[in-house]
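In my numbering, the protein residues as written are -11 to 370.
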Amino acid sequence: MSLVEKRNIPISLPVTGLEEWEATKEPLMSGWITSGPKVREFEQLFAERHQVKHALAVTSATTALHLALVALEVGPGDEVIVPAFTWVSTANVVLYCGAKVVFADIDPFTFNIDPKDLAKRISSKTKAIIPVHLFGLCADMDEIKRIAGNIPLVEDGACAAGAAYKGTPAGALGTIGCFSFHPRKSVTTGEGGMLTTNDDHLAELMGMLRNHGASISEEQRHHGPKPYILPDFNLLGYNYRMTDLQGAVGVVQIKKLDQFIQERSKWAAYYSDQLKDLDWLRTPSFGSDYHHGWQSYVTFVDESKAPASRNQIMELLQERGISTRPGTHAVHMLNFYKEKYQIQPSDFPGAQAANDFSMAIPLHNRMSEEDFNYVVQVLKEL
Ligand SMILES: *Cc1c(COP(=O)(O)O)cnc(C)c1O
């Protein structure tokens, strides 16, 4: 059928175009290209939208997570708890600090950290916990806070721009929040990230850490009245500054965030309704406490009832022009971590199941009504 031949629905596609392109003209023409007024404007808009006092732009969610741990003084001898099913960098940043990654299992229904398992992993060495709001669904933060007590919580909200839990936006739920603007995420600046916090001291510290440890910003240095001033460097810092080119794109994108989420929510609800009778495909479910950010729509294939294995189903869909992906990977099953900590896949059964049976189907803001109908039709006919 020609319909099948023509279709090619990618798993994800960013919405960028003329407006974003136009926005980069100003920094390019002015010559102020690194962190400056556009980054500041983006930070302000991001902080307002996520109801936090401070937002600090950086180069990625990975560098945001790294700085968050540095600011919390995570170092050798410390442990940081991370869900076993997440993007690899949630764990890598712990090693960047010389600390030990302690995995906690996830709930394969929400794909988020299982608070009961988290409770078992806490020790006297636990210096921080990184709950991940995977695919745009916030972790159960009240329960996690109750278990964590005074241990700082670093939200990995890489997928969760615009999401909320009990009315509070992601990024305002923990000690520090981290976001990503990679093209696979809800809004993009190419690469990019954001730190959020309500803590003035941490904000000041992270502001210096992202800029080589300098006590004053590039803008203050070059636009201030005292040309002889050089910053003090009292800390070991990094260069994790976002450019104003990216900031300009971010200003345009953040204003579209709620519209993007609204559209994706509508189509996610359509999927869930249309697919509810497929007994082999579990669609996302969550309570009314959660405002989902719908970075992606991740299902779970029950192979005991499915017409084929998860991988075969993914191949069949690809042949019909529908891209799918595993939700993400189980980090404890990746060679590096498996060997480093001598872990078995079955040590974290929830993460293992999610690794083997999760399947993201296309959900993005460039899909048409026909695309969504087509995905549903093909899934039903398998
Ligand atoms: C994408 C992602 C990251 C990494 O984000 P980058 O901006 O690419 O560094 C980290 N954690 C999670 C959960 C992610 O989905």
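Here a beta-carbon is modelled for each residue, glycine too, at the ideal position from N, C-alpha and C.
A43 is positioned such that its CB atom lies no closer than 8 angstroms to that of V142.
Cβ-Cβ distances below 6 angstroms link H352 to S0 and L1 in the same chain, with the five nearest sequence neighbours on each side left out; the list follows chain order. In the displayed model, D93 falls within coil according to three-state DSSP, outside both helix and strand. From the listed residues G86, S112, I94 and S111, the smallest Cα separation to A127 is found for I94.
Collapsing the DSSP output to three states places K115 in a strand. For the 8 angstroms CB-CB criterion, F73 and S174 do not form a contact. With fewer than 16 neighbouring CB atoms inside 10 Å of its own CB, S276 falls in the exposed class. Between the alpha carbons of T176 and R270 lies a distance of about 29 angstroms.
In the three-state reduction of the DSSP assignment, E67 falls in the strand class. In this chain, D128 is not harboured by any beta strand (DSSP E), its DSSP state being neither H nor E. The C-alpha of G181 is placed about 12 angstroms away from the C-alpha of G159.
Taking all protein chains shown into account, G155 has fewer than 16 neighbouring C-beta atoms within 10 Å of its C-beta and is therefore exposed. Between K115 and E67, the beta carbon gap of about 6 angstroms places them in contact (Cβ cut-off 8 angstroms). In the structure shown, T78 adopts helical secondary structure according to DSSP, grouped into three states.
Relative to ligand 1, even the nearest heavy atom lies 7 angstroms or more away from the CB of V40. DSSP links C147 through a beta bridge to no other residue. When C-beta atoms of the stretch 198 to 211 are compared with those of the stretch 226 to 233, three or more pairs fall below 8 angstroms, so the two segments count as touching. Scanning E14, V120, G165 and W9 for the CA closest to the CA of K41 turns up G165. Here F221 is exposed: its Cβ has fewer than 16 other Cβ atoms, across all protein chains shown, within 10 Å. Within 10 angstroms of the beta-carbon of H38 lie 16 or more other beta-carbons, which makes it buried. The stretch 278 to 286 makes contact with the stretch 251 to 265, as at least three CB pairs between them are under 8 angstroms. Contact between the stretch 314 to 332 and the stretch 86 to 101 is present: three or more C-beta pairs spanning the two stretches fall below 8 angstroms. Residue ranges of uninterrupted alpha helix (DSSP H) with 4 or more members, entirely inside the stretch 226 to 300 and ordered along the chain, are 232 to 242 and 245 to 262. A distance of 8 angstroms or more separates the beta carbons of A256 and F167. Distance from the CA of A348 to the CA of I242, rounded to the nearest whole angstrom, comes to 24 angstroms.
With a cut-off of 7 angstroms, the C-beta of A342 is classified as distant from ligand 1, since no heavy atom of the ligand falls inside that distance.
Looking at the DSSP output, F221 bridges to A202. Closest option to A236, judged by alpha-carbon separation, among F345, S112, R313 and E7: E7. In this structure, the CA atom of A318 is about 25 angstroms from the CA atom of L161.
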